[in-house]
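K.L.:
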Amino acid sequence: MADIFEKIDKDVPRARNSKKQMCPTNTKISWEDEYFRRISDSQPRIFNIPSFLYIFLCLSGLVEESDSNSFYRATTVVFKIVVIFTSLNVWISSVIQYDAHSLKLIFGTLCSYLLVLGVYFPIQSKRKQLSRTICKISKITSFTHSKKINVFTFILFSMPVIFSILITLTSPRKWLAKFEAFGYEVQDSVAQILLISIKSYIHALIHPIISNVVTLLFCLLFYCCSSAICDITNEILLISPEAFEPTKQIDILRRKARIDDVLDSIQHLFSSPSFFIIVTNFLSCGNVIGWYLYYDLGDYRAYMFIESLIYGVNGFGCLICILWMAGSVSVYMQNLKEAFHRKAHLRAILLHRMQEPQLKRELFEKPDFTFTACDIISMKKSTILAVIGTLLTYTVLIINVKNQS
């Protein structure tokens with residue numbers, strides 16, 4: 001489909017009123033592009049994705065560029081092993097250390113480590129499609145707020161370090177070292193600190209950081225699509241009915257078709273990962289609520305507060321972000337359709353151009369885009385209320401069970 005668009009571009013020139021193009025061809029290469037050119041065996045990347053996020057995508061093998069660099073291939077293999085080992089390690093250690101009653105209380109957390117596999121590996125297996133999708137987006141719009149996204153990405157990857165330090169300082173070291181050592185006693189205090197800090201860092205890196213990074217990438221792609229749709233909508237609103245001629249309408253429909261193509265690619269890439277992200281973070285929120293309601297606050301220790309705060313805030317924040325960004329696209333798309341219809345209708349009335357082809361039919365024949373997670377969860381803004389209502393219902397049930405017992 002992209003080839004068709006390129007042929008059309010050669011035949012029909014664009015009539016844009018903006019002072020500069022969305023994606024200029026002659027772009028000055030920044031120090032970041034020069035850095036990536038030196039560390040990569042391939043050519044400089046052709047999409048301007050934020051650098052910190054791009055580095056993680058390459059190191060974890062989530063983009064096609066990881067296949068062309070020996071260092072990235074090695075880090076990808078190591079990352080896969082760490083993901084699988086950590087997920088199994090948490091389950092084995094929990095089964096050894098906890099009794100049946102305690103396992104029920106942490107069952108949501110245990111499931112989250114398995115669900116992370118469903119987030120990472122589907123994206124990793126479609127890394128070529130992901131790179132192509134990012135390239136498509138770079139042709140219709142630009143990645144804005146790169147500095148803010150880099151800062152946010154840096155904060156995300158600082159979370160495992162902060163989590164590891166806090167857990168090491170506040171947790172009962174002898175018990176937690178035994179948990180991390182699969183039930184074996186660790187007597188040396190230095191060995192306890194090293195074991196707890198390293199394992200805590202890896203655990204936090206796998207969950208929730210992997211889900212957070214994929215969520216960030218997901219929201220970034222949808223933000224770019226929403227930005228491109230808003231640009232077209234604003235252009236339609238500013239143009240006069242006299243200038244809204246058929247050639248201009250065809251140009252707008254062609255640009256919208258490019259966005260539709262990108263949205264279809266995002267749907268194909270993130271359908272199953274987004275489902276696992278929602279389930280993972282929902283379980284994390286439910287698990288934290290269960291802890292707070294089951295235990296008395298007097299029995300809560302410092303490390304339990306830290307875990308509850310990090311997993312609870314992170315889980316709820318991811319749910320809100322992914323549902324809000326995915327649901328915004330359909331809203332902006334509807335605004336585009338309404339603006340196009342009003343402008344075309346106004347042109348027909350004022351200029352008496354009823355004989356002109358009614359291109360607005362092409363816009364309204366295609367159903368509205370709604371992102372779905374595995375065709376199970378329809379990701380709209382209204383879904384946020386459904387999630388909050390479910391969590392509140394779960395809270396009430398836990399309170400009733402606690403009062404009865």
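Residue numbers (the UniProt record's numbering): 1 to 405. We treat Cβ as the ideally placed atom computed from N, Cα and C, and that holds for glycine.
Can you find the residues in the same chain that come closer than 6 Å, C-beta to C-beta, to Leu385, ignoring five residues on each side of it along the sequence?
P.N.:
Same-chain partners within the cutoff: there are none.
K.L.:
Would a C-beta distance cut-off of 9 Å place Thr133 and Ser328 closer than the cut-off?
P.N.:
In this structure, Ser328 does not lie closer than 9 Å to Thr133 by Cβ.
K.L.:
Would Gly286 count as contacting chain C if we go by Cβ distances under 9 Å?
P.N.:
Here chain C cannot be found, since the structure has a single protein chain.
K.L.:
According to DSSP, is Ala181 part of a helix, a strand, or is it coil?
P.N.:
Looking at Ala181 - three-state DSSP - the assignment turns out to be coil, as it is neither helix nor strand.
K.L.:
Check whether the stretch 206-220 and the stretch 103-117 touch, using three or more Cβ-Cβ pairs below 8 Å as the test.
P.N.:
Segments in contact, yes.
K.L.:
Looking only at its own chain, which residues have a Cβ that is under 6 Å from the Cβ of Gly315, when we skip the five neighbours before and after it?
P.N.:
Counting only Cβ-Cβ distances below 6 Å, and skipping sequence neighbours, we find Asn281, Ser284 and Cys285.
K.L.:
Taking the straight line between their C-alpha atoms, what separation do you get for Val331 and Asp260?
P.N.:
Distance between the alpha carbons of Val331 and Asp260 is about 14 Å.
K.L.:
With burial defined as no fewer than 16 other Cβ atoms inside 10 Å of the residue's Cβ, what is the status of Leu130: buried or exposed?
P.N.:
Label assigned to Leu130: buried.
K.L.:
What does the alpha-carbon distance come out to for the pair Phe121 and Ala344?
P.N.:
Going from the Cα of Phe121 to the Cα of Ala344 covers about 46 Å.
K.L.:
Counting only runs of 3+ residues fully inside the stretch 284-338, write out the beta strand (DSSP E) ranges in chain order.
P.N.:
You should have found no qualifying run.
K.L.:
Quick one: what does DSSP say Thr370 is sitting in, helix, strand or coil?
P.N.:
Looking at Thr370 - three-state DSSP - the assignment turns out to be coil, as it is neither helix nor strand.
K.L.:
Need the endpoints of the alpha helix (DSSP H) that Phe143 sits in, please.
P.N.:
Segment: none, Phe143 is in no alpha helix (DSSP H) and carries neither H nor E.
K.L.:
Between Ile277 and Val214, how many whole angstroms is the CB-CB distance? I'm expecting something under 8 Å.
P.N.:
About 6 Å separates the two Cβ atoms, so the contact holds.
K.L.:
With a CB to CB cut of under 8 Å and the five nearest residues on each side skipped, what residues in its chain are close to Ser227?
P.N.:
For Ser227, where only same-chain residues beyond five positions count, the Cβ hits under 8 Å are Thr141 and Thr144.
K.L.:
For the alpha helix (DSSP H) containing Ser226, list its first residue and its last residue.
P.N.:
Ile210 to Leu238 is the span of the alpha helix (DSSP H), which, as asked, contains Ser226.
K.L.:
Give me the Cα-Cα distance between Leu319 and Ile306, rounded to the nearest whole angstrom.
P.N.:
Rounded to the nearest angstrom, the two C-alpha atoms are 20 Å apart.
K.L.:
Could you check how far apart the C-beta atoms of Thr321 and Cys219 are, in whole angstroms? I think they sit under 8 Å.
P.N.:
A quick correction: the sequence has Cys, not Thr, at residue 321. Their Cβ separation, rounded to whole angstroms, is 6 Å, which keeps Cys321 and Cys219 in contact under 8 Å.
K.L.:
Tell me, please, whether the stretch 64-78 touches the stretch 154-166 by the rule of three or more beta-carbon pairs shorter than 8 Å.
P.N.:
The stretch 64-78 vs the stretch 154-166: no contact.
K.L.:
In chain order, what residues of the same chain lie with their CB nearer than 7 Å to the CB of Cys230, ignoring the 5 residues before and after it?
P.N.:
Taken in chain order, the residues that qualify are Tyr332.
K.L.:
State the CB to CB distance for the pair Leu309 and Ile123, rounded to an integer number of angstroms; the pair is presumed to be in contact (CB under 8 Å).
P.N.:
Leu309 to Ile123, Cβ: 28 Å. No contact.
K.L.:
Starting from the C-beta of Leu156, find all residues in its chain whose C-beta is less than 8 Å away, skip the five residues before and the five after it, and write them out in chain order.
P.N.:
Excluding residues within five positions, the ones whose Cβ falls inside 8 Å are Ile209, Asn212, Val213 and Leu216.
K.L.:
To which residues of the same chain is Leu323 closer than 6 Å at the C-beta, ignoring the five residues directly before and after it?
P.N.:
Within the same chain, Leu323 has close Cβ partners Met379, Thr383 and Ile384.
K.L.:
For Gln21, collect the residues of the same chain with a Cβ closer than 8 Å to its Cβ; drop the 5 residues on either side in sequence, then sort them by chain order.
P.N.:
With a pLDDT of 35 at Gln21, under the threshold of 50, the modelled position of this residue cannot be trusted; read the value that follows with caution. Closer than 8 Å at the Cβ level, and outside the excluded window around Gln21, lies no residue.
K.L.:
Going by other Cβ atoms of all chains shown within 10 Å of its Cβ, with 16 needed for buried, is Asn400 buried or exposed?
P.N.:
With fewer than 16 Cβ atoms within 10 Å of its Cβ, Asn400 is classed as exposed.
K.L.:
Output needed for Gly118: all residues of its chain with C-beta closer than 6 Å, excluding positions within five of it in sequence on either side, in chain order.
P.N.:
Phe276.
K.L.:
Output the distance between the C-alpha atoms of Glu245 and Ala74, rounded to the nearest integer angstrom.
P.N.:
If I take the Cα positions, the gap works out to 55 Å.
K.L.:
Please classify Ile377: does DSSP put it in a helix, a strand, or coil?
P.N.:
Here Ile377 sits in strand by DSSP.
K.L.:
Mind checking whether Met304 and Tyr294 have CB atoms under 9 Å apart?
P.N.:
Result no, Cβ atoms of Met304 and Tyr294 do not sit closer than 9 Å.
K.L.:
Tell me the DSSP secondary structure of His352 in three-state form.
P.N.:
If DSSP states are grouped into helix, strand and coil, His352 belongs with coil.
K.L.:
Considering just the uninterrupted stretch of the alpha helix (DSSP H) at Lys126, what are its terminal residues?
P.N.:
Note, Lys126: premise wrong, no alpha helix (DSSP H); not H, not E.
K.L.:
Compare the Cα-Cα distances from residue 413 to each of Val190, Pro50 and Glu235 and report the closest residue.
P.N.:
Any answer about residue 413 is impossible in this case: the structure gives the chain only from 1 up to 405.
K.L.:
Within 10 Å of its beta-carbon, does Lys7 have 16 or more other beta-carbons around it, so buried, or fewer, so exposed?
P.N.:
Residue placement at Lys7 is poorly supported in this model, since its pLDDT is 44, which falls under 50; the coordinates still yield a value, given next. Exposed, by the Cβ-count rule.
K.L.:
Tell me where the alpha helix (DSSP H) around His101 begins and ends.
P.N.:
From DSSP, the alpha helix (DSSP H) with His101 extends over Ala100 to Leu105.
K.L.:
Tyr300: buried (16+ other C-beta within 10 angstroms of its C-beta) or exposed?
P.N.:
That one is exposed.
K.L.:
Measure the C-alpha to C-alpha separation of Lys104 and Gly312 and round it to an integer number of angstroms.
P.N.:
If I take the Cα positions, the gap works out to 18 Å.
K.L.:
In chain order, what residues of the same chain lie with their CB nearer than 8 Å to the CB of Asp41, ignoring the 5 residues before and after it?
P.N.:
For Asp41, the predicted model reports a pLDDT of 39, less than 50, meaning its position is unreliable; a value from the coordinates is still stated below. Answer for Asp41: Ser68, Asn69 and Ser70, listed in chain order.
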